[in-house]
Amino acid sequence: MTTVEAAAEAVETREPTAAKIVRFLGKTPVYLLLAALGLLWLVPTLGLFLTSLLDPTVVGRAGWWEVFSTPSLTTLDNYREIFDNEAITSAVFTTLWVSLGATIIPIFIAALAAYAFAWLEFPGRDWLFLIVVALLVVPIQMALIPIFSLYNDLGLFDTIIGLVLFHTAFGLPFAIFLLRNFFIGIPRDLLEAARIDGASELRIFVRLILPLGLPAIASLAIFQFLWVWNDLLVALTFARETQPITVAIFSQLRQFGANIEIIAPAAFISLAIPLAVFFAFQRYFVEGLLAGSVK
Amino acid sequence: MSESVTTAEAPKLGPPPSGEEPGIWQRYGVAVVFLAPALVLLGVWIVYPTISTIFRSFFDRSGDEFVGLENYETLFSDDTLLTAIKNNFLWLLVVPALVTAIGLVFAVLLERVRFATAFKVAVFMPMAISLFAAGVIWRLMYEKDPDQGTVNAAVAVVKDAVSPSGVLSAAQPSTEELEGGPAGGLVLVKALEAGGVAQLGLTGIRSSEIPAGAEQAVVPEALGGGITGVVWRDFKPGGGIAGEVESEELGLPGVTVELRDENGRSVLETQTEADGTFAFEEVEAGLHRPAIGPETFSEPYAGVSWLGASLITPAIMMAYVWVWAGFAMVVIAAGLAAIPRDLLEAARTDGATELQVFRRVTIPLLAPVLTVVFITMLIYVLKVFDIVIAIAPGSVQDDANVIALAMWRTSFGGVNDFGLGSAISVFLFLLVIPILAVNVRRFRREV
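So the sequences go chain by chain: S and W.
Residues 1 to 295 (this note's numbering) make up the first sequence, in order.
Residues 296 to 742 (this note's numbering) make up the second sequence, in order.
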């Protein structure tokens, strides 16, 4: 691949400037098309953002493009209101705690299990692993009703812990699957050497496996974090007062037109974090999504 | 972990004294400890509920009475639930194919140019956003009022270019010299001959509705062989005298004026200037009556109701395609990049056209990647929930219904029938299994 590219590059540098210009002009339609499509894809998100900046007196009557025709309509008032709105700010923090908890805990628990499946000997190991992987097929819907009753009995309904535990359990099969396959690629010699040196399994796990598994753990963490942050279904079922941001916005949707000055900035805040994570870790993304399809 | 702890632990886990078989705990204790948290969580939150839901689906809503397959019969006879199943199959039929096709087109376009990173990021970005937030975004896009909903605003721009809406939506004659109404146009009662000057005064026009660029109204000079006149807002702050063009009264530009013959047929047509004046030069002999044409009063575009019962499902599908096109594009582009160049070159050297190369070489080589995208989409589409509940207003959720939404609404959205809700879950589970089985096998092969 690289040699092909290098060869192509070499050919291009030898090309006269005129030919290059002609070639570029020949591609102008493609560039224009891409520019138009790219713009088309940006408009919806941009529209939400600009709507969130519209003066509350016209929001709900004017479109986001008024920002360009009448710049005086632009204001940060909506955001000021949102930050003073206790329901919204506490929802953002609830989302944050749930997302962090439901990222760190399942990854740690999955890493322990994955290590056992990869490097510890015990009877029925491969069968047990197969069963765990098979749990990937269970849709979340299968657990909602029994867990709803269970949470009511245990007092876990409407708590951060309840949400974290649910997301943790449903994050485990995939996390175990991914990490076990990653851990098994760690050279056997490294582990044997540590064992001969008399290191305990826990020490091997903490000092050797976790650091070596960091690339896989990082990519898993990003995906799990976003998965939980973006969740609506679980939160809508198990949260009432202790609601994450998606549920807080959802409860405003009933009067969509009248509540746009709350909905637009709140929705933008809720997607700003995933967007930041996305721009910071773009390359881990596709992997995670492909993998997530078995979830 | 400190050094001393480790050395203290080491002998315990070291090789057992020779000749003595280690106990079960010593051999498997570590594995048990490492596996226990995961197995407990999986057992309580996934295995137990799955079995429980299957059992629950054979009981009535309270869970006390065994009803056999009754819930499943309801699932296939209830109108709302049948709509959900039908809609979900429509989703399966349309969306995965559409997403894969658009992803393929984008990937191929990308391949032809360099430096298209900005495009890639723009199209891929919606993937980071939750489907729920995407739903909120599109709910805003689909607002009916063209002053607010982007989609309808865009339609309105196109529509106005083709057939512009009238400059005034409502106005009345200021005196009895005009008769008729907005539907047929306002006609001057008194017929004019060539050389006549018509004064067409209107009232009942809100200040916000005065066409842009309106200037002080002027009564034009009479024209030898023609008819001239003025259309103006016969009103000024304080009132003014009806039927007279006074200072501070504005002409109405862009108004369509017709000249009608004695039979009422429109023979000539013109538009007013900024000061409201118009002129028909060279009018035939005879009596003519100028009239303000009905086009002037055509109502502005009211917008397509995307969120109404009939369009809601296609509208949500479009939003969903917007979210997932980037995923398909990136995966397919990676597949394209992996195709050996010399294969394509060989085909071209053999005289194949670009289209033939694409259809006979590129597509077959891409088939595995396209399958991956397609199957991935099948699974996501089967479980689609967030974006539907976000875009569809409560009143049309019955029309936009899908299986996952029906399950939630039946179980938690007011109906609270856990028996039927469980049956819907089991149905969804049964649909997911075959697709996932294929996917997991593929995934295992890859890893």
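We put the CB at the ideal spot given by N, CA and C, even for glycine.
Tell me the rounded alpha-carbon separation between residue i and residue j.
i: P589 of chain W; j: L463 of chain W; result: 10 Å
i: F166 of chain S; j: L650 of chain W; result: 51 Å
i: I145 of chain S; j: R643 of chain W; result: 59 Å
i: A280 of chain S; j: I505 of chain W; result: 51 Å
i: F117 of chain S; j: P173 of chain S; result: 12 Å
i: V526 of chain W; j: T498 of chain W; result: 11 Å
i: E543 of chain W; j: Q511 of chain W; result: 6 Å
i: D373 of chain W; j: G257 of chain S; result: 32 Å
i: V59 of chain S; j: L48 of chain S; result: 12 Å
i: I263 of chain S; j: P274 of chain S; result: 17 Å
i: A143 of chain S; j: T51 of chain S; result: 38 Å
i: A614 of chain W; j: R528 of chain W; result: 45 Å
i: Y596 of chain W; j: G358 of chain W; result: 53 Å
Flag residue i as yes if its beta-carbon sits less than 8 Å from any beta-carbon of chain W, otherwise no.
i: A169 of chain S; result: yes
i: I160 of chain S; result: no
i: P146 of chain S; result: yes
i: F129 of chain S; result: no
i: K27 of chain S; result: yes
i: Q243 of chain S; result: no
i: V228 of chain S; result: no
i: V67 of chain S; result: no
i: Q255 of chain S; result: no
i: N101 of chain S; result: Reading off the sequence, residue 101 of chain S comes out as Gly, not Asn. Cβ-Cβ to chain W under 8 Å: no for G101 of chain S.
i: F122 of chain S; result: yes
i: S90 of chain S; result: no
i: E81 of chain S; result: no
i: E12 of chain S; result: Legend: pLDDT at E12 of chain S = 49, less than 50; position of this residue unreliable, value from coordinates given subsequently. No, its Cβ sits nowhere closer than 8 Å to a Cβ of chain W.
i: T2 of chain S; result: Caution is warranted here: a pLDDT of 44 is assigned to T2 of chain S, below 50, making its placement in the model unreliable, and no coordinate value can be reported.
Can you list, in chain order, the residues of its chain with a C-beta nearer than 8 Å to that of residue i? Leave out the 5 residues immediately preceding and following it.
i: L726 of chain W; result: L677, I698
i: A248 of chain S; result: A87, I88, A91, A266
i: V581 of chain W; result: Just to set this straight, residue 581 of chain W is Gly in the shown sequence, not Val. Correct list, in chain order: E488, D556, E557.
i: D231 of chain S; result: H167, P244, T246
i: V418 of chain W; result: F401, A620, G621, M624
i: V513 of chain W; result: V525, V540, G546, D570, G571, T572
i: V160 of chain S; result: According to the sequence provided, residue 160 of chain S is Ile. The question's Val does not apply to it. Excluding sequence neighbours, I160 of chain S sits near T94, W97, V98, G101, T242.
Are the C-beta of residue i and some C-beta of chain S separated by less than 8 Å?
i: I627 of chain W; result: no
i: V733 of chain W; result: no
i: V727 of chain W; result: yes
i: W527 of chain W; result: no
i: S720 of chain W; result: yes
i: I424 of chain W; result: yes
i: L404 of chain W; result: yes
i: M420 of chain W; result: yes
i: D355 of chain W; result: no
i: L631 of chain W; result: no
i: S267 of chain W; result: Given a span of 296 to 742 for chain W in the structure shown, any question on residue 267 of chain W remains unanswerable.
i: S690 of chain W; result: no
i: W703 of chain W; result: yes
Short of 6 Å in beta carbon distance, which residues of its chain neighbour residue i, apart from the five on each side in sequence? Order them along the chain.
i: G520 of chain W; result: A489, E577
i: E406 of chain W; result: L631
i: G171 of chain S; result: P106, Q224
Assuming residue i and residue j make a contact with CB atoms under 8 Å, what is their CB distance in whole Å?
i: L547 of chain W; j: F575 of chain W; result: L547 of chain W to F575 of chain W, Cβ: 17 Å. No contact.
i: W617 of chain W; j: M672 of chain W; result: With a Cβ gap of about 14 Å, W617 of chain W and M672 of chain W do not count as contacting.
i: T183 of chain S; j: W119 of chain S; result: According to the sequence displayed, residue 183 of chain S carries Phe and not Thr. With 8 Å as the limit, F183 of chain S and W119 of chain S qualify as a contact, their Cβ atoms being about 7 Å apart.
i: A379 of chain W; j: S469 of chain W; result: Incorrect: roughly 58 Å between the Cβ atoms, too far for contact.
i: V679 of chain W; j: V626 of chain W; result: Not confirmed; about 19 Å, so no contact.
i: I107 of chain S; j: I176 of chain S; result: Wrong, their Cβ atoms sit about 10 Å apart, outside the cutoff.
i: Q566 of chain W; j: G524 of chain W; result: With 8 Å as the limit, Q566 of chain W and G524 of chain W do not qualify as a contact, their Cβ atoms being about 12 Å apart.
i: D442 of chain W; j: L233 of chain S; result: About 34 Å separates the two Cβ atoms, so there is no contact after all.
i: S99 of chain S; j: V206 of chain S; result: In fact, because the Cβ distance is near 25 Å, the residues do not count as touching under 8 Å.
i: V664 of chain W; j: L639 of chain W; result: Rounded, the Cβ-Cβ distance is 16 Å, inconsistent with contact.
i: D158 of chain S; j: A239 of chain S; result: 6 Å
So which residues of chain A does residue i contact, with C-beta pairs closer than 9 Å?
i: I263 of chain S; result: The question asks about chain A, but that chain is absent: this structure's protein chains are S and W.
Whose C-beta lies closer than 7 Å to the C-beta of residue i among residues of the same chain, with five residues either side of it excluded?
i: V389 of chain W; result: M612
i: I607 of chain W; result: A687, V691, D694, A695
i: A110 of chain S; result: L172, A175, I176, L179
i: S270 of chain S; result: I245, T246, I249
Problem set entry | Against chain W: residues of the segment 38-51 of chain S by CB proximity under 7 Å | Taking 7 Å as the Cβ-Cβ cut-off against chain W, the residues of the segment 38-51 of chain S that qualify are G38, W41, L42, V43, P44, T45, G47, L48, T51.
Problem set entry | Where the segment 340-352 of chain W meets chain S: residues whose CB sits under 9 Å from a CB there | Listed by position, the residues of the segment 340-352 of chain W near chain S (Cβ gap below 9 Å) are W340, I341, V342, Y343, P344, T345, I346, S347, T348, I349, R351.
Exercise. In chain order, what residues of the segment 543-559 of chain W put their CB closer than 8 Å to some CB of chain S?
Worked result: Under the 8 Å Cβ criterion, the segment 543-559 of chain W contributes no residue.
For this session: Check each residue of the segment 656-678 of chain W: if its Cβ is closer than 8 Å to any Cβ of chain S, include it; give the result in chain order.
Result: Within the segment 656-678 of chain W, the residues whose Cβ lies closer than 8 Å to some Cβ of chain S are V667, I670, T671, I674, Y675, K678, listed in chain order.
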